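The sequence shown lines up with residues 3 to 220 when you count with full-length UniProt numbering.
Cβ coordinates follow ideal geometry from the N, Cα and C atoms, glycine included.
All figures in this text were calculated on a predicted structure; none of them were measured in a lab.
Step one of this worksheet: look at the structure below.
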Amino acid sequence: LPKACIFDLDGVIVDTVPAHYIAWKSIADELNIPFTEKDNEQLKGVSRVDSMKRILAIGNLEKSDEEIEALTTRKNDRYVEIISKMTPADILPGVREFLHVLAEAGLKVALGSSSKNAPTILKAVGLSDLFQVKVDGNHISHSKPHPEVFLLGADRLGLHPSECVVFEDAISGVQAAKRGGFPCVGVGLPELLHEADLVVPDLKDADLTIFKRLPSFA
Ligand code: G16
Ligand code: MG
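Right, dumping it as structure tokens:
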């Protein structure tokens, strides 16, 4: 068994992907930039500012740092308005149960999220206390696919990356895990997350047998 698991937040623990999309879409609409759910797939795990820059690139638009700051603030205000209504009912299926299984088996649990809203979200859904280590967008300077968020997590756990399994729903997040030397379980579609060591559709009914399906713990 691994010694710890590091979980991404958006799209693995809670389904905030639609909320990010709605908020970005409203900004893109204002700028007359065509922005689809497929474009949104590429933004998963990517920081707020980098996401804004990618959307501007789709529209071939250039904006000053001040304008980018104003746009990202507006996006976040809309996003926060949506997530402020979150409750424990918004935890994705199987996640709470899996976290308890891990704790009972003596595995440590950490958060590795690009989101600066992570502390608010974890509190809102009542999962804050289940994570021994929390690393989020407020603690890092390079967003996924850079491995910083997971490396910092492993460091704070006092473990080597090979001893921690990363759970990720984003292409950029799977890449970050692999670049950092972590075994990685992709949560979502195999055609998108093929760089992961194993892909599961969700964490419904997840238990300790999941680790046996990873080459390094088989
Ligand atoms: C998340 C989302 C991204 C979002 C980023 C920053 O990361 O997947 O779509 O742009 O965080 O979020 P915020 O604007 O709240 O700081 P993760 O790593 O939890 O999937
Ligand atoms: Mg995610």
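When you compare each of the options to residue i by their alpha carbons, which one comes out closest?
{"i": "S174", "options": "A59, I15, S145 and D92", "result": "S145"}
{"i": "N78", "options": "K65, T89 and N119", "result": "N119"}
{"i": "R80", "options": "V189, A25 and L45", "result": "A25"}
{"i": "G96", "options": "R56, E193 and V16", "result": "V16"}
{"i": "G128", "options": "S218, E150, S117 and P90", "result": "P90"}
{"i": "L94", "options": "V14, F213, F184 and Q177", "result": "V14"}
{"i": "L101", "options": "S218, T74, D209 and L124", "result": "D209"}
{"i": "L205", "options": "P217, A6, E170 and E193", "result": "E170"}
{"i": "V135", "options": "Y23, P121, L200 and H148", "result": "P121"}
{"i": "H196", "options": "G139, K214, A179 and V19", "result": "A179"}
{"i": "N34", "options": "D10, Q44 and N62", "result": "N62"}
{"i": "V167", "options": "V51, E32 and R215", "result": "R215"}
{"i": "H141", "options": "P147, F133 and V151", "result": "V151"}
Opposite residue i in the DSSP bridges: which residues?
{"i": "D12", "result": "V16"}
{"i": "residue 226", "result": "Absent from the model: residue 226. The displayed extent of the chain is 3 to 220, so no value can be given."}
{"i": "F169", "result": "F9 and V187"}
{"i": "V202", "result": "V189"}
For residue i, report the span of its alpha helix (DSSP H) as first-last.
{"i": "K125", "result": "A120 to A126"}
Give the DSSP-derived three-state secondary structure of residue i in the structure shown.
{"i": "L161", "result": "coil"}
{"i": "K136", "result": "strand"}
{"i": "I24", "result": "helix"}
{"i": "I93", "result": "strand"}
{"i": "V51", "result": "helix"}
{"i": "T75", "result": "helix"}
{"i": "K40", "result": "helix"}
{"i": "K180", "result": "helix"}
{"i": "G61", "result": "coil"}
{"i": "L153", "result": "helix"}
{"i": "S115", "result": "coil"}
{"i": "A208", "result": "coil"}
{"i": "A220", "result": "coil"}
{"i": "H141", "result": "coil"}
{"i": "I70", "result": "helix"}
{"i": "I35", "result": "coil"}
{"i": "E83", "result": "helix"}
{"i": "H148", "result": "coil"}
{"i": "L101", "result": "helix"}
{"i": "K46", "result": "coil"}
Residue i and residue j look like a contact to me (Cβ under 8 Å); what is the Cβ gap, rounded to whole Å?
{"i": "L153", "j": "G188", "result": "Rounded, the Cβ-Cβ distance is 19 Å, inconsistent with contact."}
{"i": "V137", "j": "G160", "result": "Contact doesn't hold; Cβ gap of about 14 Å is too wide."}
{"i": "G155", "j": "A112", "result": "5 Å"}
{"i": "A21", "j": "I57", "result": "16 Å between Cβ atoms; not a contact."}
Got a sec: is the Cβ-Cβ distance from residue i to anything in chain D below 9 Å?
{"i": "N78", "result": "Of the protein chains in this structure there is only one, and it is not chain D."}
Notebook entry, point to check: Could you name the residues, in chain order, whose CB is less than 6 Å away from a heavy atom belonging to the ligand FAD?
Noted result: Among the ligands present in this structure, namely the ligand G16 and the ligand MG, the ligand FAD is not found.
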